[in-house]
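A.B. asks: This is the structure I want to talk about, given as structure tokens.
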Amino acid sequence: MVVILLGPPGVGKGTQAVRLAEESHAAHVSTGDLLRAARRDGTDLGRQAQEFMDSGELVPDALILGLVREHLAGIGPETDVLFDGFPRTTAQATGLSDVLTEVGRQVDGVVLFEAPDEALIKRLSGRRSCPDCGAVYNVHFNPSGVDDTCDRCGGSLVHRADDSPETVSRRLEVYQEQTAPLVSYYASHEAPLERVRADRSVDEVYTDFRSVVGGIR
Ligand code: AP5
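Residues 9 to 225, numbered by the numbering used here, are exactly what the sequence shown covers, in order.
Right under this line is the structure:
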């Protein structure tokens, strides 16, 4: 099964995907996480992506599709895949379709997470991430036990550079301009699209998300 988690920055795609992937042993493929890892490792891709990410723009489609193709090659055909933050343009959606067809797979469903902009801005202003293990906290909703320290691995938590107010506002615009059109793309193309109200507690959102994915299986 291949499921796409679609929704604006800060809506909770990563939080929900990590939880379902742990529970169901699915592969969680987050292009944002892969790009940040490439930056930390100092690869060519990481250097090319940096400027786009810091300014809230999308990284070019060709780089993203190359990254996803390479990553998918390491995932077995029986493993369920949860795409988080990918695809983000119609070119990426058609590219994904091609890559999946080559390996006899398809997009089985799309889950659209929705919340008002005010909630997204508050969540992103309070987000703290662990660069070592990827755990995500929030100073307003889900703080770590000890300030600025990861409960899971003891790493030092960071406020992502692209979570600054100016960049968040650009990321929300970019979502509306380039990614929101995927809602009608998937509705008219290949996969059932289910909506989940994400302006509720993490547990409430997860209950709905899990049930929607259960229906896609
Ligand atoms: P990426 O890392 O994918 O960022 P994003 O899509 O903007 O999503 P976020 O990670 O900001 O939010 P999320 O929905 O995962 O929310 P989270 O669970 O963390 O991309 C970053 C950049 O990389 C892009 O701007 C672009 O430059 C580039 N990029 C990546 N993919 C690309 C692609 N395919 N094409 C081109 N460029 C690409 O939650 C947010 C916060 O809220 C956390 O603090 C969390 O604890 C909290 N929270 C979550 N759920 C709840 C809840 N229910 N109640 C209260 N708080 C909650």
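All C-beta atoms in this analysis are idealised placements derived from N, C-alpha and C, irrespective of residue type, glycine included.
#1: With distance defined between alpha-carbon atoms, name the residue in Phe121, Ala25 and Asp62 nearest to Arg178.
#2: Ligand 1 and Phe217: does any heavy atom of the ligand fall closer than 8 angstroms to the residue's C-beta?
#3: For Leu201, which residues in the same chain have their Cβ closer than 7 angstroms to its Cβ, ignoring the five residues on either side in sequence?
#4: I need the straight-line Cα distance from Glu122 to Gly84, nearest angstrom please.
#5: In terms of residues, what are the limits of the alpha helix (DSSP H) holding Leu128?
#6: Extract the residue ranges of the alpha helix (DSSP H) inside the segment 66-108, only unbroken runs of 4 or more that lie entirely within it.
#7: With C-beta atoms as the reference, is Leu104 less than 9 angstroms away from Cys138?
#8: Using the three-state DSSP reduction, which class does Thr157 fall into: helix, strand or coil?
#9: Among Asp69, Val154, Val26 and His33, which has the Cα closest to the Cα of Gly142?
#10: Kindly indicate the opening and closing residues of the beta strand (DSSP E) around Ser38.
C.D. replies: Well, looking at it:
#1: Asp62
#2: no
#3: Val118, Leu120, Val191, Tyr194 and Ala195
#4: 31 angstroms
#5: Asp125 to Gly134
#6: 69-80
#7: no
#8: strand
#9: Val26
#10: Ala35 to Ser38
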